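Protein chains in written order, with my numbering: chain A, 1 to 418; chain B, 1001 to 1418.
All C-beta atoms, glycine included, are put in the ideal place defined by N, C-alpha and C.
Quick caveat: nothing in here was measured; it's all calculated off a predicted structure.
Step one of this worksheet: look at the structure below.
Take a look at the structure:
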């Protein structure tokens, strides 16, 4: 469906014709995309769905403003965490009652890591990779600091096999690496961890909404993910967590509060966990934040995921080929797997002046992002990114590097958030 | 300023003249209040500030939609937790750098309880009252379940002196009781706990935005509070937490993640806590939820708190007197202190058919709420509640009870959220 021609045939016109034939192309109109901007940072903050803008206004003005406290019943606020989760579930290969929306990714990760350690009481190691998303390592290390007997063991990327032993309670991995875009083989890793008696906790933040994923088919135990990247739920959107059904009977979590209680409106003194995944809720979620998230998920429910994955790999392949075709190999380094089956939906490129190069690109209206020390990232969000966008980004990158347009003090000046 | 006349002079006209003379009355126009509704449930969900509606739309449509990832820098998203906290601080008698907005009240409570236990490593008891807000007890009991050596000790309301001993690490109290509206003497309680070497953690959820409070003057250690009651930050608004400055050097918290890191954009493997209160941040907050909260806090920064407290007590006093004056003493029972200096900003009344009575009132457009087993609550939010509202609620209550209007099956039928 998204077949690419040979390198020397790739041109803006060719990309325009790929867009014209793209069955996903009409979805671009459902998003707000600023005039003159080529946006390739959807793996950091997804674009605004027009429906999210409308839905948030309705929830604020009508449900909160007019409905007031009554909306907990009349507008379905009380079961929003489960209702939204049911819309996330098909995107990650889970059943609706194995997922819930709650808190932030970090807080959910904390809950599930503690829960995993309690499921394996005779084991004391959280095993993860040193290239894992740093905040995931911070959460694990917070648990290590709190519990004298727990140890966080860091191994180089892909080398956890050697460290797998009977001390390992849980393996904590990010499915698609936030820098390199390297993807783990979920089934294979999970099988190896299980053979040694360990659980696996997957972070799907850079996965969901950009590719096919099958938690159930991979026999996954636990997962978390954020709502604001490819899922387009808005800045700091509510996160989700997954617990495989066969763990529901024995698992518990540390931050027990009213939303996870079996009968919250009894206002009883004793905590009694709700059945199933609902016990993983803690305090009151932001209903306004959930509104934006839900509008976005309602788009996702109409999308064919294999088509998303096919378009994503075609776009990133076209981008890489365009850059490779136009730039000398020494000018820039691909930080991502060349094999598209090993790659997520963003492409990492290394350049010694990556920060300044990215700032010069942004100055020309092409937005990707930078990660220390020398990495540029370009994300391909198949719902609203076009082949012309990919072409435009490659062409701008080549020109900025060849013309040394990045070599200006204003492009080296670091912002607060890089 | 808000002097009430004798009982037999209280009438709707008198209330209208009190409103006409009320210097806070113009603020009512800054809120959305539905036609035909008398809203006395601001202690559960505050009304919508018109500015919050505008601000949310701007953040969604402009900052997210047009600014996209750039808004982390250009729209000040990155320091929103501290910026909003600086606006909460004067409402609770704290300095700006002792407060931060983060997560939910429950998650913040979890962080601070664990932090308090780590500040008192040779003590093992969390002491609280059995009438404390149940979710607070649930959070404490979650910590007890996780750490074999920690014990949650529950004592009857006001009886914690006898239980104070050298095992007590932290006393966890809600400043204004969610049912009775009974207020603790913050200075006195804190002093007694300190004499025994314990810390005190205050829940200000039913306090902030309705009365004067002086955490610093009370030598308070720790506090949490929610944003969606009297602070009007919207359903499930972001919560805040307070840590007295003299604890900043030695305290730490369990949910360590990127927002609390000293240099989050280094993406270093090792966690290094940010200085001061910022280390209490964990994951990414909802920027849309913070937007509604900030618009509301910008109103609060223009408000004189002693005036708020004076109007609140005058309204609740007028409400109680009107009910007492018109109903036989046996018809209903005051669940709140008769002494206004002991009372928060809501009034609790007991009736054997409290649920049905409240439903019949809501049917007539007067919204308060119900708490098991027999309590009705009426909240007086001085920014948008009028004396005529208080009069109308009292008159409607009297009529519903005297006419037995509540005695219909449709009013006994419990909703999902009560």
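- Within 10 angstroms of the beta-carbon of residue 1218(B) lie 16 or more other beta-carbons, which makes it buried.
- Cβ-Cβ distances below 7 Å link residue 177(A) to 131 in the same chain, with the five nearest sequence neighbours on each side left out; the list follows chain order.
- The C-beta of residue 251(A) comes no closer than 8 Å to any C-beta of chain B.
- Interface with chain B (8 Å Cβ-Cβ cutoff): residue 138(A) is included.
- Under DSSP, residue 223(A) forms a beta bridge with 202(A), 242(A).
- Spanning the alpha carbons of residue 192(A) and residue 133(A) requires a straight line of approximately 22 Å.
- Contact fails between the stretch 26–38 of chain A and the stretch 1196–1208 of chain B, because fewer than three Cβ pairs, one in each stretch, are under 8 Å apart.
- Per the C-alpha coordinates, the member of 354(A), 287(A), 347(A) positioned closest to residue 57(A) is 287(A).
- Under a criterion of Cβ atoms nearer than 7 Å, the residues of chain B adjacent to residue 61(A) are, in order, 1053.
- Shown here for residue 225(A): same chain residues with a beta carbon closer than 6 Å to its own, the five before and five after excluded, namely 204, 205, 208, 240 in chain order.
- Within the same chain, and ignoring the five residues on either side of residue 316(A) in sequence, the residues whose Cβ sits closer than 6 Å to its Cβ are 347, 380.
- Comparing C-alpha distances from residue 266(A) to each of 1135(B), 1090(B), 1096(B) shows the shortest one belongs to 1135(B).
- Of all alpha-carbon atoms in 166(A), 395(A), 26(A), 255(A), the one lying nearest the alpha-carbon of residue 125(A) is that of 166(A).
- Look at the stretch 1235–1246 of chain B: the residues with a C-beta under 9 Å from a C-beta of chain A are 1235, 1236, 1237, 1238, 1239.
- Of the residues assessed, residue 403(A) falls on the exposed side of the cut-off, its CB having fewer than 16 other CB atoms within 10 angstroms.
- DSSP links residue 1126(B) through a beta bridge to 1152(B), 1170(B).
- The beta carbons of residue 1257(B) and residue 355(A) sit no closer together than 8 Å.
- Close to residue 73(A), with beta-carbon spacing below 8 Å, are these residues of chain B in chain order: 1415, 1416, 1417.
- Straight-line spacing of the CA atoms in residue 1350(B) and residue 1154(B) works out to 24 Å.
- Within the same chain, Cβ atoms closer than 7 Å to the Cβ of residue 358(A) are found at 368, 369, 370, 376, the five residues on either side in sequence being excluded.
- Closest by C-alpha distance to residue 94(A), out of 400(A), 114(A), 237(A), 222(A), is 222(A).
- DSSP links residue 1346(B) through a beta bridge to 1379(B).
- Contact between the stretch 1318–1326 of chain B and the stretch 1298–1310 of chain B is absent: fewer than 3 CB-CB pairs across the two stretches fall below 8 Å.
- Closest in C-alpha terms to residue 1230(B), from the list 1406(B), 1111(B), 1043(B), comes 1043(B).
- Cβ-Cβ separation between residue 76(A) and residue 1048(B): approximately 18 Å, too far for a contact (criterion under 8 Å).
- Against residue 1105(B), the close residues of chain A are 257, 283, 284, in the order they occur along the chain (beta-carbon pairs closer than 9 Å).
- The shortest CA-to-CA distance from residue 151(A) to any of 159(A), 160(A), 169(A), 158(A) is the one to 169(A).
- Burial of residue 343(A) is indicated by the presence of at least 16 other C-beta atoms within 10 angstroms of its C-beta.
- Proximity of the stretch 1273–1291 of chain B to the stretch 1085–1105 of chain B meets the contact definition, three or more beta-carbon pairs being nearer than 8 Å.
- In this structure, residue 1401(B) lies away from residue 1320(B), with their beta-carbon atoms at least 8 Å apart.
- Cα atoms of residue 1304(B) and residue 1079(B): separation of roughly 26 Å, rounded to the nearest angstrom.
- For residue 1110(B), there is no enclosing beta strand (DSSP E); the residue is found in the alpha helix (DSSP H) stretching over 1105–1119.
- Taking the Cα of residue 1254(B) as reference, the smallest distance to any Cα among 1143(B), 1245(B), 1364(B) is reached at 1143(B).
- For residue 1044(B), the residues of chain A that pass the 8 Å Cβ criterion are 69, in the order they occur in the chain.
- The straight-line gap separating the alpha-carbon atoms of residue 5(A) and residue 308(A) is approximately 20 Å.
- The beta carbons of residue 1146(B) and residue 243(A) sit about 17 Å from each other, so the pair does not count as a contact at 8 Å.
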